[in-house]
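Asker:
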């Protein structure tokens, strides 16, 4: 669509709502507003927005689900849906609601409202490349997945997260010898399975190769990328990751970690919320990217975690845009980043902020040089289901690395 | 009587079975009184340091249970009434009125019983949307009743089949219309079957999650199961609220069952008329 | 009278009922008219909210629809071909059958066993009946959450209890072991489901004429023989009804699997229903999902009809 057509469409869209004077902005989200700390933060944000926009009331709709279980689509399709949405995103999920024409393209606002200067340049470029120039989301939080470990446990046993993969396996054996589980994982929660696996792929093959595989330019059963799956299977066969974990979900796996029966766990900044709930002393949490034999590839993996979307049938598109401006503003971002309930990486660099927990500092520091791909976020919807099942198959020792990757590839081949 | 003296051994022998069957309940209730940290420690034999009755208050307040409970009651009331209005007459017609196409009608209903709701949920959504009933209790009631009609008719028809045809014939000869026969003769004696239908419909409606997830969008019309899911997030859930919320949602159902359980069991007998 | 009543229930399922006295109530136009009005509410609701969606689903199976508002092209029997060639479909179908059998045996069996145990109790019957029915009051999703916790291999009630009583070697990966997972999840589902069957069996047992037991006693029959020769034959009709019901319920099993394993690990607990759900909601392949719905339905009807034929044959 050329610029003029787009501008016309936008004008029509906004004009259609210009006459509306009902000043309630209904927002889908945030998750877990039922938790007091999160409620405190968001009610504060709501109050600030209402103060800055007299006559406006913000109403939160507690989410009943995500795009993955159809709850968002059901809400967006109805006439009583939200005016702006904050939900789990990533190209796989966004494609679903975009194809269903349930959200509007936001490309033009990135220019006209200066959003493109409010997020990391690499992030903007990545978004631009996803739908041939059209952008449908505004990232709210990024994920950066790496290894969480117990500082006290490691100090006591004189362990260190090494720089290379080979040394990492040696470390895991040493941990196992002490009767502690080296690595916990909770594959029943699909995201969790992908976190570990994404880290392994990144460590084994490097960002470039993973990117190629995600774009369909490199076959998943090509040895260059299959090695990550093979390694996972090797870890399981060596007992370094117990097969029984295939039946655990993220809560079950994190329980192992919080109770110090497991030494390491792959998670992102959102894990601070889990830790808080479990009463774990966050000062004891350490974070480092998964080591890699390839120099420069020991990085966290991630991608867009949560984004803002504007529904096609939003009754308050103007307010929704103002809300997004507000959420992207320095004041609000700093406020969120420094709040105890802060659980994620922000979509732009925030100087001079002191995250409330030291481990978040470590995560931000690790992510500053860039993160690798978390495939769960980038794979097309058709493939991601097989992807998660294969990971479960590897952890329960039912399929070999090579065969598992072949299955993923066969789905990719159909889609790409 | 010889039977009574043999009752205690049986009751005692059932003790372990009782324990096994009720253990998950006990676990749930004990867990609902733990703090989030204690739940995190996940020691099934650990007794909470302090009984967190606060969890129940929090679940009620934070989850907006007041509204949810009201909606759930309305939902159940609507479903139960509509089920009776649809299934009783239809059950009677299928049992007592020979008409052409009766067998086909019955098969069409049985067919519906075999379709899982996941199968038709999106077209159902579109139908509801077309008549403007998305996000309304009316809409959800219609969808749930439609889903329950096969079993309801099955039940009513079976019960009515046992009423002797002579009764109908005699009434017809006295000049009664079928509607009069249904309301004046059949319904009064079918209290047990009606009770069974009421309880089964109420139970499945109260616990229904899937249809409300898709149909009820605004918090103002949502029912209890949707309230419980608000305590869950993508990566972290507030389990103390999930557990205590679950127990809260049980209580009305248990009460209903205890009050009506004798009639309910009678109804399941498809009890015949005495004599 | 009661036994015949139960026979009618059992025979009603997808087969012509036993010969009835048609002559007594002649079909007539007046009857058809009345019948129509009595059936009207059902036709209206069921027709609109079940039959129409089923028809749409059937049509969808011939398209490549990707959900709401997407262009759907007619693709003929392409989806049917894809479904037939998908190994997961066959695996899910097979596992659905296994699930069905487990459900009938576990839920039905437990229901029967407990009914036999408590039907003759006087003073404690109401207590036991209520206590054993409690699990049935819990929604299946919650059942999934509770049992997933119980099955946790490291912290769950089951494994820790086994260790506690010295049977540590019996601990398993209940939800991770491919050979156990379907069974484990079914135990949870049957825990919820047996209550209704138990009540049905109790009702059936109370219908058996006590005179038959007295006659058996006179003949010198012991407890076991009474069971085989009086009780079980007397329960034949109820058993048929319960089995039909259990089979239908088994085929529709979804919620516990979805919550506890989501079909995993690696499709080992995949049922047709869970696969349908993921195809529709996660992969947006609505045409393919529709095919599986049709498949499930045909399968259910086949099983029900076959079962009724078999039962009718056994009755002769």
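Residue numbers (my numbering), protein chains in the order written: chain R, 9 to 424; chain F, 102 to 376; chain A, 70 to 385. The beta-carbon is built from N, C-alpha and C at its ideal position, and this holds for glycine as well. Only a predicted model underlies this, so the values are computations on that prediction, with no experimental measurement involved.
1. So who's on the other strand from residue 35 (chain R), going by DSSP bridges?
2. Whose Cβ in chain F lies nearer than 8 Å to the Cβ of residue 86 (chain R)?
3. For a test of the three-state rule: what should DSSP assign to residue 48 (chain R), helix, strand or coil?
4. Going by C-alpha distance, which of A:146, A:269, A:149, A:151 is nearest residue 176 (chain A)?
5. Rounded to whole angstroms, how far is the Cβ of residue 93 (chain R) from the Cβ of residue 80 (chain R), which I believe are closer than 8 Å?
6. Taking 8 Å as the threshold (C-beta atoms), are residue 173 (chain F) and residue 284 (chain F) in contact?
7. Count the other CB atoms, across all protein chains shown, that sit within 10 Å of the CB of residue 29 (chain R); report buried if there are 16 or more and exposed otherwise.
8. For residue 381 (chain R), list the residues DSSP reports as bridge partners.
9. What does residue 178 (chain R) reach in chain A if we use C-beta pairs closer than 9 Å?
10. Expressed to the nearest angstrom, what Euclidean distance is found between the alpha-carbon atoms of residue 405 (chain R) and residue 275 (chain R)?
11. For residue 108 (chain F), would you say it is in contact with chain A, using Cβ-to-Cβ distances shorter than 8 Å as the test?
12. Just verifying my parser: in three-state terms, what is the DSSP assignment at residue 262 (chain F)?
13. Determine whether the Cβ of residue 195 (chain R) lies closer than 8 Å to any Cβ atom of chain A.
14. How is residue 254 (chain F) classed by DSSP in three states: helix, strand or coil?
15. Identify, in the order they occur along the chain, each residue of the same chain with its Cβ nearer than 8 Å to the Cβ of residue 346 (chain R), setting aside the five sequence neighbours on each side.
16. Can you pull the chain R residues whose beta carbon is under 7 Å from the beta carbon of residue 315 (chain F), in chain order?
17. Within 10 angstroms of the Cβ of residue 163 (chain R), are there 16 or more other Cβ atoms? Answer buried if so, exposed if not.
18. Is the CB of residue 289 (chain A) under 8 Å away from at least one CB in chain R?
19. Could you check whether the Cβ of residue 382 (chain A) sits closer than 8 Å to any Cβ belonging to chain F?
20. Please list the partners that residue 193 (chain A) has in chain F, where partner means a Cβ-to-Cβ separation under 8 Å.
21. Would residue 103 (chain F) pass as an interface residue toward chain R - the criterion being a Cβ-Cβ separation below 8 Å?
22. Comparing alpha-carbon positions, which option in F:347, F:143, F:120 lies nearest residue 287 (chain R)?
23. In chain F, which residues lie with their C-beta within 9 Å of the C-beta of residue 216 (chain A)?
24. Indicate the three-state DSSP secondary structure (helix, strand or coil) for residue 227 (chain R) in the structure shown.
25. Check whether chain F comes within 8 Å of residue 405 (chain R), counting only Cβ atoms and requiring the distance to be less than that.
26. Relative to the C-alpha of residue 302 (chain A), which residue among A:157, A:383, A:371 is closest?
27. For residue 300 (chain F), would you say it is in contact with chain A, using Cβ-to-Cβ distances shorter than 8 Å as the test?
28. Report yes or no: is there a C-beta of chain R within less than 8 Å of the C-beta of residue 273 (chain A)?
29. Tell me, which residues are paired with residue 142 (chain R) by DSSP?
30. Indicate whether at least one CB of chain A lies closer than 8 Å to the CB of residue 201 (chain F).
31. Short check: CB of residue 244 (chain A) to CB of residue 310 (chain R), under 8 Å?
32. Based on the DSSP secondary-structure assignment, which residues constitute the bridge partners of residue 132 (chain A)?
33. Alpha helix (DSSP H) containing residue 167 (chain F): first to last residue?
34. Could you check where the alpha helix (DSSP H) with residue 261 (chain A) kicks off and where it finishes?
35. If you draw a straight line from the C-alpha of residue 415 (chain R) to the C-alpha of residue 323 (chain A), how long is it?
36. With a threshold of 8 Å, are at least 3 pairs of Cβ atoms found where one atom belongs to the stretch 181-189 of chain F and the other to the stretch 240-260 of chain F?
Answerer: Working from what's here:
1. R:68, R:92
2. 230, 235, 236, 318
3. helix
4. A:269
5. 7 Å
6. no
7. Residue placement at residue 29 (chain R) cannot be trusted, given a pLDDT of 48 that sits under 50; the coordinates are not used to answer.
8. R:310
9. Ordered by position in chain A, no residue passes the 9 Å Cβ test against residue 178 (chain R), which lies about 25 Å from the chain.
10. 23 Å
11. yes
12. helix
13. yes
14. helix
15. 361, 362, 363, 364
16. 78, 82
17. exposed
18. no
19. no
20. 108, 112
21. At residue 103 (chain F) the pLDDT is 46, less than 50, meaning the model places this residue with poor confidence and gives no usable figure here.
22. F:143
23. 125
24. coil
25. no
26. A:383
27. no
28. no
29. R:139
30. yes
31. no
32. A:143
33. 166-197
34. 250-276
35. 25 Å
36. yes
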